Amino acid sequence: MVDRVLVAEPRGFCAGVEMAIKALTWMVRIFDGPVYCYHEIVHNEWVVKAFERVGVVFVDHIDQVPEGAPVMLSAHGSAPEVVAGAQDRAAIVIDAVCPLVTKVHHEVKRMAEKGFDILYIGHEGHDEAVGTVAEAPESITLIEPELGLGAFEPSDPEKVALLAQTTLGVYEWQEVMDSAQTRYPDLWTARRSDLCYATTNRQSAVQALVEHADLILVVGSENSSNTQALVRVALEHGVPAHRIDSADRIRDDWLEGISVVGLTAGASAPDHLVQAVIDRLDPTLGFELFSVTEEEEYFPLPPQLRNFVGVLQAMIEASVTARPAREPGLIETDRSWTATEALDIL
Ligand code: SF4
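Here numbering that gives the first Met the number 0 is used: position 133 in the sequence shown is 132, and no number is missing along the way.
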């Protein structure tokens, strides 16, 4: 029996995940037939299964999408050839890429065009890294954070850029950054680090939590990079930590001799899974919120979706009332609902 649970704030859904889940919910509501989604919309097992239950088909290759089907591209960003392939075969393509990933894609293209060799810190095979590297494969070298710069040799040491996957651990990114700056004094990097606000805020919360907790539990899926980074932050500070998909994965032996549990969730984990963990732990002194900062970021739905729904609404209104609607529909009031509500109506 644990005494207390400290629940990190912020935790769970970030603005990019909110946008992607709501966008896919719109697609499910608009189309009768299956909606196809290139890659998991977000890296969370529960969310993916929820969409599969309402007919979304997740594919790993764009040629698995039947000609003329509606397609959504995941929040992690897609390679240019995937976007082109989707546009060739699909009736409609909605790209739910997070704008903070798009920013890195733009940086890669810009620096490659300027003739820079690009060091990209990321995890080989992760959807985001695959899509980003594909923007300029001939100019980019993927660096696994734990392996460092290795044998990287630029053609011109004065023209080296360093970019990163948005969801890395801050400390692992910093190590590579420091050694790259030492080796290449003219190193170009983005003015603000590529690590996104959600990644850094959730890690800051864990960094503060480890001072007060005997154990850290992180709710999130195995393939979620930012979730794994949260576990590593706690371990780096010498506090035992475990990633769990759901409350039923908690092992009794983890809790032996533990008084205070610090609890958080990766950026793609729904909050009801966090509540279920609190219920499972059933702390004798209850739980408290442990807040380090507030987040107010909001990302609008993808422009293709807004345009498409706008056209549909106009057609329906014209055929029914022959005049514009007096009340805005949900697409115009997107800020007023959440991804959690979207998942509830699936
Ligand atoms: S974790 Fe960061 S980069 Fe990834 S979807 Fe969320 S806000 Fe965007």
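Built from N, CA and C at the ideal position, the CB exists for glycine as well.
Small disclaimer: the values here were computed from a predicted structure and weren't measured.
Assumed close pair residue i, residue j - CB separation to whole angstroms, cut-off 8 Å
i    : j    : result
G76  : H104 : 6 Å
H241 : W253 : 6 Å
P282 : R10  : So it is not a contact: roughly 17 Å between Cβ atoms.
I142 : Y170 : Between Y170 and I142 the Cβ distance is about 15 Å, and since that is not below 8 Å, they are no contact.
L229 : V238 : About 12 Å; that fails the 8 Å criterion.
A264 : L272 : 7 Å
D333 : L300 : 5 Å
L23  : A95  : 7 Å
D126 : S73  : 7 Å
I139 : A338 : That belief does not hold up - the Cβ atoms of I139 and A338 are roughly 32 Å apart, past 8 Å.
V47  : I257 : About 31 Å separates the two Cβ atoms, so there is no contact after all.
Y35  : V81  : Not really, about 12 Å apart at Cβ, beyond 8 Å.
P33  : V55  : 7 Å
L148 : S178 : 6 Å
P144 : W172 : 7 Å
L234 : F289 : Actually they are not in contact, since the Cβ atoms of L234 and F289 sit about 19 Å apart, beyond 8 Å.
V232 : G168 : 6 Å
A85  : Y37  : 7 Å
Any non-hydrogen atom of ligand 1 within 7 Å of residue i CB
i    : result
G15  : yes
N222 : no
C195 : yes
V107 : no
T166 : yes
C36  : no
T198 : yes
A266 : yes
V276 : no
V100 : yes
A74  : yes
N43  : no
N306 : no
Within-8 Å CB hit, residue i to chain C
i   : result
H42 : You won't find chain C in this structure, because it holds only one protein chain.
Residues that DSSP places opposite residue i in a beta bridge
i    : result
T188 : L161
F289 : A7
F57  : C36
M358 : Outside the shown range of the chain, which is 0 to 345, sits residue 358, and nothing can be said about it.
L141 : Y119
A240 : I215
T263 : V217
Candidates the options, of which the one nearest residue i by Cα
i    : options                : result
D62  : I277, F50, A83         : A83
G15  : A68, A7, C97, H60      : C97
I243 : P301, S203, L99, I277  : I277
E294 : E134, R201, E44        : R201
K108 : S203, Q206, A160       : A160
E174 : T199, A189, E221, L146 : L146
A111 : M314, K158, A85, S73   : K158
V205 : N225, R190, I257, V64  : N225
S220 : E210, A128, A246       : A246
A341 : A49, L5, H60           : A49
S223 : D193, L208, A268       : A268
P302 : L5, W25, F12, L208     : W25
F30  : A233, V53, M18, A275   : V53
A7   : E296, A212, A313       : A212
F286 : T101, L262, F298, E296 : L262
K102 : G121, A189, L167       : A189
T199 : R28, G309, E331, V291  : V291
D251 : I40, Q227, R279        : R279
C13  : A207, F289, A197, Q227 : A197
E210 : V260, L186, W172       : V260
A128 : D155, E137, A163       : A163
R88  : P65, A78, F298         : P65
Y297 : W45, L99, W172, L5     : L99
V92  : I344, L345, V308, I330 : V308
A275 : H38, R248, M18, A313   : R248
I330 : L304, M314, I344       : L304
P136 : H38, P156, E44, A78    : A78
E17  : E255, I315, D270, Q227 : D270
P156 : E255, I344, D185, V132 : D185
T165 : Y183, G121, V132, T181 : G121
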